[in-house]
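Visitor: Numbering (the working numbering), first residue to last: 281 to 418. We put the beta carbon where it would ideally sit given N, CA and C, even for glycine.
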Amino acid sequence: MPQIDYKRDLGFWELPKPKKGKEREWHTVARVSQTIPFGYEIDPDNDRLLLPIPHELEALELAKKHLNQYSYREVAIWLTKHTDRCISHMGLKRRVEIDRRRKKAAIIKRRLAKRLQETLAQIETLENCRVGAYSEEE
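Below, the structure is given as structure tokens:
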């Protein structure tokens, strides 16, 4: 049986490295309760502020994607092993649901703001283009 030199016979290729996306910028948040949320730690200078822990927050974002395939319990175990910080499956579920609610509310408010801008522009054109329009001078 002939020897196969894979580099010569089949060619050698390497998968391209994934492009590095834009780095996320995590912000300091105000502390509003006794519980410290996953991905944050208390600021040593000011105990009313929470500093982000980037590797935990990145892992949490990845965990949200894993929830499409796996259960909350399995993802919580993976997240605990990956970050060395404990999170229960119910804690993960609550955190994900809160994030979804906030994202949905932000989308709705942006949509309403856009509609408001469009309506204000229409009102402006109607007021300026009507027959017999006048402006009150002060």
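Taking a contact to mean a Cβ-Cβ separation below 8 angstroms, would you say A339 touches T363 in this structure?
Guide: To locate residue 339, count along the sequence shown from 1; it is residue 59. To locate residue 363, count along the sequence shown from 1; it is residue 83. Cβ atoms of A339 and T363: closer than 8 angstroms.
Visitor: The alpha helix (DSSP H) that contains P332, what's its start and end?
Guide: Counted from its first residue, the sequence shown places residue 332 at position 52. First-last for P332: 329–332, but that is the beta strand (DSSP E), not the alpha helix (DSSP H).
Visitor: Using the beta-carbon count (16 or more within 10 Å), is P317 buried or exposed?
Guide: If you number the sequence shown from 1, residue 317 lands on position 37. Classification for P317: buried.
Visitor: Between which two residues does the beta strand (DSSP E) carrying Y320 extend?
Guide: Counted from its first residue, the sequence shown places residue 320 at position 40. Per DSSP, Y320 belongs to the beta strand (DSSP E) from 320–322.
Visitor: Do you know offhand how far E336's Cα is from K383's?
Guide: The residue given as residue 336 occupies position 56 in the sequence shown. The residue given as residue 383 occupies position 103 in the sequence shown. Those two C-alpha atoms are separated by around 20 angstroms.
Visitor: If you run the structure through DSSP and keep just helix, strand and coil, what is V376?
Guide: Along the sequence shown, read from residue 1 onward, the residue named residue 376 stands at position 96. Note: V376 maps to helix in three-state DSSP.
Visitor: How long is the line joining the alpha carbons of L329 and C366, rounded to whole angstroms?
Guide: In the sequence shown, residue 329 corresponds to position 49, counting from 1. In the sequence shown, residue 366 corresponds to position 86, counting from 1. Taking the straight line joining both Cα atoms gives about 21 angstroms.
Visitor: Going by DSSP, name the residue or residues bridged to A310.
Guide: For the purposes of this step, residue 310 is identified with residue 30 of the sequence shown, where counting begins at 1. Beta-bridge pairing links A310 to L329.
Visitor: Could you tell me whether the Cβ atoms of H369 and Y350 are closer together than 8 angstroms?
Guide: Here residue 369 corresponds to residue number 89 of the sequence shown, with the count starting at 1. Here residue 350 corresponds to residue number 70 of the sequence shown, with the count starting at 1. No, the pair does not count as a contact, with Cβ atoms beyond the cut-off.
Visitor: When you compare only the Cα positions, how much space is there between Y320 and T405?
Guide: Numbered from 1 along the sequence shown, position 40 holds the residue referred to as residue 320. Numbered from 1 along the sequence shown, position 125 holds the residue referred to as residue 405. One C-alpha to the other measures close to 49 angstroms.
Visitor: With C-beta atoms as the reference, is V312 less than 8 angstroms away from L347?
Guide: Along the sequence shown, one-based indexing puts residue 312 at 32. Along the sequence shown, one-based indexing puts residue 347 at 67. For V312 and L347, no; Cβs fall outside 8 angstroms.
Visitor: Are A343 and L359 touching if we call contact CB-CB under 8 angstroms?
Guide: Looking up residue 343 in the sequence shown gives position 63. Looking up residue 359 in the sequence shown gives position 79. Cβ distance < 8 angstroms, so A343 and L359 count as in contact.
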